[in-house]
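Engineer:
What follows is the structure, given as structure tokens:
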């Protein structure tokens, strides 16, 4: 039995929308082993992104517990969660979310500003991360000077630069053409298989999900699982 | 310092907007340093009466009220007074109303010894004593207007002569220099006896008295003794220092300090609106980016600090340029100003400290609301909006 990295137990999340209470997640249980690469699929509004936010400490459950790497996220304060995110998790978004005023190199260095690394060390580590994603020669370019695929690679470099155990990807190929999307997904596979990153990827795209080791389906805030093809 | 690169680049996100904001801050602080220097020169600072070596006696009501010439001997008789003389505001201009400078009818034998820093060759002083229409001018004034010894200079004044003419003619007989550090010699001195005899009204009066103290004399006691002597008379006196006297000149124009404060208040209120608007726009435009920073692990307080620092940075850049330009401008006009009221202009250490404090406070005030907005952003909502 593999070691469990993330463990959700009885997680529910509801929002107040006007006078109506909307339950996005309903008593959801889930385990994610270390080294897993799991795709989460489901229709819009099914709770995929909310689930990802729970795993990343961006949101708290209304009830239930979220444990990642032994840390009980649901009971942490905002500052504790910030500290935890800076060292344990990397995020990749659909629209890359790079800072347009910074070069690729400086974007990748951002998480390292929260560490005690010197400027030189930060630059070296960012260069390594950019090299891993194949963009060493684009370090001085700003996001506006990069293609969508290159921007997403920079975002992945930023996500891995502080060497987190868990990568959370929210529709990472949703804004890319098929060919570029495949390149990004292969890169994620490499990060999973060669660098040992545990990856949770939310996607609408069944082809993208095929790159994962397994796929979980979320519907109406609940989970059903089946093995990947 | 770790975040400086991020703050710097964020501040220049919209270059033109940031430049225009910095420009408005620059103008605000340029005005601040200029008006503050002028305000200080007119209303504060200078030597206290306890340390004064020269005192000036003016009418208690106002400088524009004259004092009788008969006070001369009475003041001279006050214990502690060494020398005393008088001067009067002539208020004329040369050729053009814009060409004004200090012009004073004086007593050549008594006035100049009170100002040993005003040096003039003996033969020129002798010519002044013996030429009824003679005038001596400061070297800087002579250079400005091209006055030379032997020139006949007409001045148009507020004082009509007995024949009704308001144009007075003087013969330049000497050029004097002020040897004191930073002292001005932009003055035009001529003889009181000629002036008093020729003017149509206010004969037998002077504008003010100036006196030196005997060694060891207590300036406060001397000033009190003079003012007590003329108490309850038709022309009561107020004895003070030269600096206070110079400022009373400018007070004729109104409450300078209040005017300066009102202008600065309006300027800084506008500055807060301009910079606050810039920061609010800047935060609105990058809600998604700020949410990303929080996602990466930046704490709420760090995001607050980054936005505040950005606001302070913009104001400090504009403010420091305003300071430099203000100091340069003050240095350039200081002599002219000194010639007008006898007090020079400069950025004092007091206004420098105050200016820097205002920069920081204005930076915080204009950035605090956008910064709080940024700090309170919920990551999930902000990512969805951004």
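Protein chains in written order, with the numbering used here: chain U, 15 to 243; chain W, 27 to 412.
For glycine and all other residues, C-beta sits at the position ideal for the given N, C-alpha and C.
#1: Near residue 137/U, what residues of its chain come up, given a Cβ to Cβ distance below 8 Å and the 5 sequence neighbours on each side ignored?
#2: Can you list the residues of chain W that residue 206/U reaches, using a CB-CB cut of under 8 Å?
#3: Grab me the residues of residue 204/W's own chain with a C-beta within less than 7 Å of its C-beta, minus the 5 sequence neighbours each way, in chain order.
#4: Residue 265/W lies in the beta strand (DSSP E); which residues open and close that run?
#5: For the stretch 31-46 of chain W, which residues have a CB atom closer than 8 Å to at least one CB atom of chain U, in sequence order?
#6: Skipping 5 residues on each side, what residues in its chain have a beta carbon closer than 6 Å to that of residue 233/U?
#7: For a quick check, are the C-beta atoms of residue 398/W and residue 297/W less than 8 Å apart?
#8: Residue 198/W by DSSP, collapsed to three states: which one?
#9: Comparing the C-beta of residue 74/U with each C-beta of chain W, is any distance below 8 Å?
#10: With residue 380/W and residue 265/W assumed to form a contact (beta carbons below 8 Å), what rounded beta-carbon distance in angstroms separates them?
#11: On the three-state DSSP scale, how would you describe residue 413/W?
#12: If the criterion is Cβ atoms closer than 8 Å, does the pair residue 106/U and residue 158/U meet it?
#13: Under three-state DSSP, which class holds residue 396/W?
#14: Judging by CA-CA distance, which residue of 183/W, 175/W, 130/W, 229/W is the nearest neighbour of residue 119/W?
#15: Within 8 Å of any Cβ in chain W, is that where the Cβ of residue 99/U sits?
#16: Could you tell me the alpha carbon to alpha carbon distance between residue 67/U and residue 73/U, rounded to whole angstroms?
#17: What in chain W is Cβ-close to residue 105/U, meaning under 7 Å?
#18: Where does residue 68/U fall in DSSP's three states?
#19: Can you check the stretch 59-121 of chain U for any beta strand (DSSP E) of at least 3 residues that lies completely inside it and give the ranges in chain order?
#20: Would residue 315/W count as contacting chain U if we go by Cβ distances under 8 Å?
#21: What residues in the stretch 397-412 of chain W bring their beta carbon closer than 7 Å to a beta carbon of chain U?
#22: Spell out whether any CB of chain U is found under 8 Å from the CB atom of residue 119/W.
#23: By Cβ distance, which residues of its chain are closer than 8 Å to residue 29/W, with the 5 residues on each side in sequence left out?
#24: Name the chain W residues that come within less than 8 Å of residue 115/U, Cβ to Cβ?
#25: Within the continuous alpha helix (DSSP H) that includes residue 30/W, where are the two ends?
#26: What number of angstroms, rounded off, separates the C-alpha of residue 244/U from the C-alpha of residue 104/U?
#27: Count the other CB atoms within 10 Å of the CB of residue 152/U; is the residue buried (16 or more) or exposed (fewer)?
#28: Going along chain A, which residues have a C-beta under 9 Å from residue 186/U?
#29: How should residue 219/U be labelled, buried or exposed, when 16 other C-beta atoms within 10 angstroms of its C-beta is the threshold for buried?
#30: Start and end of the alpha helix (DSSP H) containing residue 134/W?
#31: Could you name the residues of chain U that residue 325/W contacts, counting a contact when the two beta carbons are closer than 7 Å?
#32: Under 8 Å: do the stretch 178-190 of chain U and the stretch 205-218 of chain U share three or more Cβ pairs, one atom per stretch?
#33: So is residue 127/U in contact with chain W if we call contact Cβ pairs under 8 Å?
#34: Check whether the stretch 112-126 of chain W and the stretch 281-288 of chain W touch, using three or more Cβ-Cβ pairs below 8 Å as the test.
#35: Give me, in chain order, the residues of the same chain whose beta-carbon lies closer than 6 Å to that of residue 173/W; leave out the 5 immediate sequence neighbours on both sides.
#36: In chain W, which residues lie with their C-beta within 7 Å of the C-beta of residue 124/U?
Structural biologist: Here's the rundown:
#1: By the criterion of a C-beta distance shorter than 8 Å, residue 137/U is surrounded in its chain by 119, 123, once the five residues flanking it on both sides are discounted.
#2: Within chain W, no C-beta atom comes less than 8 Å from the C-beta of residue 206/U; the nearest is roughly 21 Å away.
#3: These residues qualify, in order along the chain: 143, 144, 164, 210, 211.
#4: First-last of the beta strand (DSSP E) with residue 265/W: 263-267.
#5: Residues passing the 8 Å Cβ filter: 31, 32, 35, 36, 38, 39.
#6: Taken in chain order, the residues that qualify are 56, 60.
#7: Here residue 398/W is not near residue 297/W, since their CB atoms are 8 Å or more apart.
#8: For residue 198/W, the three-state secondary structure derived from DSSP is strand.
#9: So no, residue 74/U is outside the interface.
#10: That pair is no contact at about 32 Å.
#11: Within the shown structure, residues of chain W are numbered from 27 to 412, placing residue 413/W beyond reach of any answer.
#12: It is not a contact, given that the beta carbons lie outside the stated cut-off.
#13: Assignment of residue 396/W by DSSP, reduced to helix, strand and coil, places it in the helix class.
#14: Selected option, being the one with the closest Cα: 183/W.
#15: Yes, residue 99/U counts as interfacial toward chain W.
#16: Approximately 5 Å, taken between the alpha carbons.
#17: Against chain W, the beta carbon of residue 105/U has neighbours under 7 Å at 321, listed in chain order.
#18: Three-state result, residue 68/U: helix.
#19: Within the stretch 59-121 of chain U, the complete beta strand (DSSP E) runs of at least 3 residues fall at 77-82, 103-106.
#20: Interface residue (Cβ-Cβ distance to chain U less than 8 Å): residue 315/W is classified as such.
#21: Residues of the stretch 397-412 of chain W that bring their beta carbon within less than 7 Å of a beta carbon in chain U comprise 405, 406, in sequence order.
#22: Judged by the 8 Å Cβ criterion, residue 119/W is not in contact with chain U.
#23: Within the same chain, 328, 331, 332, 335 come within 8 Å of residue 29/W by CB-CB distance, once the 5 residues on both sides are set aside.
#24: Neighbours of residue 115/U across chain W, judged by C-beta separation under 8 Å: 35, 36, 38, 39.
#25: Looking at the DSSP string, the run of the alpha helix (DSSP H) that includes residue 30/W is 30-37.
#26: The question about residue 244/U has no answer, for chain U in this structure spans 15 to 243.
#27: Residue 152/U should be labelled buried.
#28: Here the protein chains are U and W, and chain A is not one of them.
#29: Answer is buried; the Cβ neighbour count reaches 16.
#30: Annotation for residue 134/W: the continuous alpha helix (DSSP H) segment containing it runs 134-140.
#31: For residue 325/W, the chain U residues whose C-beta falls within less than 7 Å of its own C-beta are 93, 96, listed in chain order.
#32: Contact between the stretch 178-190 of chain U and the stretch 205-218 of chain U is present, because at least three Cβ pairs lie under 8 Å.
#33: Under the Cβ criterion of 8 Å, residue 127/U is counted among the residues facing chain W.
#34: Three or more Cβ pairs closer than 8 Å define a contact, and the stretch 112-126 of chain W falls short of that threshold against the stretch 281-288 of chain W.
#35: Close CB contacts of residue 173/W within its chain, under the 6 Å cut and outside five residues either way in sequence, are with 163, 198 (chain order).
#36: What residue 124/U touches in chain W: 322.
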